[in-house]
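Asker: I am attaching a structure below and will ask some questions about it afterwards.
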Amino acid sequence: MNSEKTIAWVLLLVLPFGFAGIWRLQHGIDAQRVSLSQERDDVLLRSGKLVKVMSLEYAPLLADIYWTRVVQYYGNKHVRGQVNLELLWPLLDITTTLDPNLLISYRFGAMFLSQAAPAGAGRPDLAVQLIQRGIQANPDYWRLYEDLGFVYYFDLKDYQKASDAFLEGSKKPNAQLWMKVMAAKVAAEGESFATSMFLWKDIYDSTPDPSVKKNALQHLQLLKVKEDCKRLDALADEYAKRYGKRPARMSEMVQAGLLRGIPGDPLGFAYIFGEGGKAELNLDSPLLEQQLLLDRFK
Numbered sequence: 000m001n002s003e004k005t006i007a008w009v010l011l012l013v014l015p016f017g018f019a020g021i022w023r024l025q026h027g028i029d030a031q032r033v034s035l036s037q038e039r040d041d042v043l044l045r046s047g048k049l050v051k052v053m054s055l056e057y058a059p060l061l062a063d064i065y066w067t068r069v070v071q072y073y074g075n076k077h078v079r080g081q082v083n084l085e086l087l088w089p090l091l092d093i094t095t096t097l098d099p100n101l102l103i104s105y106r107f108g109a110m111f112l113s114q115a116a117p118a119g120a121g122r123p124d125l126a127v128q129l130i131q132r133g134i135q136a137n138p139d140y141w142r143l144y145e146d147l148g149f150v151y152y153f154d155l156k157d158y159q160k161a162s163d164a165f166l167e168g169s170k171k172p173n174a175q176l177w178m179k180v181m182a183a184k185v186a187a188e189g190e191s192f193a194t195s196m197f198l199w200k201d202i203y204d205s206t207p208d209p210s211v212k213k214n215a216l217q218h219l220q221l222l223k224v225k226e227d228c229k230r231l232d233a234l235a236d237e238y239a240k241r242y243g244k245r246p247a248r249m250s251e252m253v254q255a256g257l258l259r260g261i262p263g264d265p266l267g268f269a270y271i272f273g274e275g276g277k278a279e280l281n282l283d284s285p286l287l288e289q290q291l292l293l294d295r296f297k
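Residue numbers for the sequence shown follow our numbering, beginning at 0 and rising by one.
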């Protein structure tokens with residue numbers, strides 16, 4: 000009974016101080032918002048670690064408050080038509096330091112950071128840093144790898160890192176199959192033929208879904224077409240060096256000894272040279288329609 004009374008007295012003494020501390024911090028944060036009317040924005044404290052120490056056991060609660068400030072700051076800038084979002088990173092830094100498991104702050108924070116002005120801060124490098132921090136704190140949450148992959152893909156145009164992010168995320172619990180599909184697709188766009196071929200082959204061998212298997216097979220076939228045409232173009236370059244002109248037909252390279260026979264695509268249709276002198280699919284090949292469809296959605 001005495002111990003229960005002691006605990007009760009401790010709580011009565013400690014809790015008011017804790018809430019008073021939060022009130023003082025919140026009051027300071029609110030005070031800075033007055034500056035919005037003078038077209039200024041300030042962050043009360045720029046050190047997330049310092050704020051976390053001061054917040055005691057109320058760090059997650061304060062993180063929610065700071066995340067609200069992030070959204071307000073981002074929204075107010077848009078309302079005022081301003082593109083300067085220099086305080087977005089300090090606010091996100093504090094938010095995620097206070098609560099490393101606040102997943103929404105990583106996902107939407109990265110979106111705010113990565114988008115080009117005026118939609119966002121135009122700092123995809125900081126978006127990557129934020130997501131990587133989130134992955135370190137939440138290593139099994141596959142959605143963060145998805146976000147990382149898209150920042151690399153759309154904003155930084157780094158296809159290899161995008162493919163790596165999608166592939167790593169595909170290994171996490173409950174990850175969707177399309178993560179591995181994206182890894183394969185992006186690897187192909189980044190000219191990483193071997194990686195893309197390996198991933199599509201793995202998808203083809205492992206999926207029980209007939210539609211996914213069919214899609215994987217089409218990608219495997221078109222990857223081979225791409226490599227075949229690249230090799231044929233290189234041989235056509237060699238032909239041009241010898242004869243001063245590019246070949247108009249595959250048979251000319253056979254006659255020159257550069258090919259043993261007329262090469263065909265995975266379905267057996269002979270490759271041809273197009274109007275630009277580059278190797279391409281035969282107009283009769285069913286793969287041509289699939290190739291045009293995929294190119295349309297790149």
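Every residue, glycine too, gets a C-beta built ideally from N, C-alpha and C.
1. Excluding the 5 residues preceding and the 5 following F192 in the sequence, name in chain order all residues of the same chain whose CB lies nearer than 7 Å to its CB.
2. Going straight from the alpha carbon of D63 to that of K179, what length do you get?
3. Roughly how many angstroms separate the alpha carbons of G74 and A136, rounded to a whole number?
4. Rounded C-beta distance between L129 and L112? I'm assuming under 8 Å.
5. Going straight from the alpha carbon of L11 to that of A58, what length do you get?
6. Closest to G273 by C-alpha separation, out of G263, Y158, H218 and P246, would be which residue?
7. Cα-Cα, which of E167, F107 and R230 is closest to G70?
8. Quick check: the region 285-294 against the region 258-268, are at least 3 beta-carbon pairs closer than 8 Å?
9. Bridge partners of G263, per DSSP?
10. How many whole angstroms separate the CB atoms of G189 and Y158, which I take to be in contact at a CB cut-off of 8 Å?
11. In whole angstroms, what separates the C-alpha of V177 from that of W199?
12. Take the Cβ of D146 as the centre, count every other Cβ of all protein chains shown within 10 Å, and call the residue buried at 16 or more, exposed below.
13. Just to confirm, are A115 and A126 a CB contact at a threshold of 8 Å?
14. Going by C-alpha distance, which of G276, A182 and C228 is nearest K244?
15. Please state the DSSP three-state secondary structure of A278.
16. Can you tell me whether DSSP reads R122 as helix, strand or coil?
17. Name the two residues that bound the continuous alpha helix (DSSP H) containing K240.
18. Skipping 5 residues on each side, what residues in its chain have a beta carbon closer than 7 Å to that of L35?
19. Can you name the start and end residues of the alpha helix (DSSP H) that R295 belongs to?
20. What number of angstroms, rounded off, separates the C-alpha of L84 from the C-alpha of N100?
21. Which class does T194 belong to by DSSP, given the choice of helix, strand or coil?
22. Does the distance from the CB of L258 to the CB of L280 come in under 8 Å?
23. Determine the DSSP secondary structure at Q175, reduced to helix, strand or coil.
24. If you run the structure through DSSP and keep just helix, strand and coil, what is S34?
25. Can you grab the Cα-Cα spacing for the pair V224 / D208, in whole Å?
Answerer: In brief:
1. Within the same chain, F192 has close Cβ partners L222 and E226.
2. In a straight line, the C-alpha of D63 is about 33 Å away from that of K179.
3. When rounded, the distance between both Cα atoms is 27 Å.
4. L129 to L112, Cβ: 6 Å. Contact.
5. Unreliable placement is indicated for L11, whose pLDDT of 49 sits below 50; the coordinate value is still reported in the next sentence. Distance between the alpha carbons of L11 and A58: 20 Å.
6. Minimum Cα distance to G273 is reached at P246.
7. For clarity, residue 70 is Val in the given sequence; the question names Gly instead. Nearest of E167, F107 and R230 to V70, Cα basis: F107.
8. The region 258-268, when compared against the region 285-294, does touch it at the 8 Å Cβ threshold.
9. Partner(s): A269.
10. Indeed they touch by this definition, with Cβ atoms about 3 Å apart.
11. The question names Val, but residue 177 in the sequence shown is Trp. Whole-angstrom Cα-Cα distance: 11 Å.
12. By the 10 Å Cβ count, D146 comes out buried.
13. With respect to the 8 Å criterion, A115 and A126 are not classified as neighbours on the basis of their beta carbons.
14. Considering only alpha carbons, the answer is G276.
15. Of the three classes helix, strand and coil, the one that applies to A278 here is strand, per DSSP.
16. In the three-state DSSP reduction, R122 falls in the coil class, being neither helix nor strand.
17. Its alpha helix (DSSP H) spans residues P209 to Y242.
18. Its pLDDT being 42, under 50, L35 is placed unreliably by the model, and nothing is read from it.
19. In this chain, the alpha helix (DSSP H) harbouring R295 covers L286 to R295.
20. Taking the straight line joining both Cα atoms gives about 24 Å.
21. T194 carries a helical assignment under DSSP once its states are collapsed to helix, strand and coil.
22. Not closer than 8 Å, so no.
23. Q175: coil per DSSP, three-state reduction.
24. Low local confidence applies: a pLDDT of 48 at S34 is under 50, so the model's placement there is unreliable, with the coordinate-based value given in what follows. Note: S34 maps to helix in three-state DSSP.
25. Cα to Cα, V224 sits roughly 25 Å from D208.
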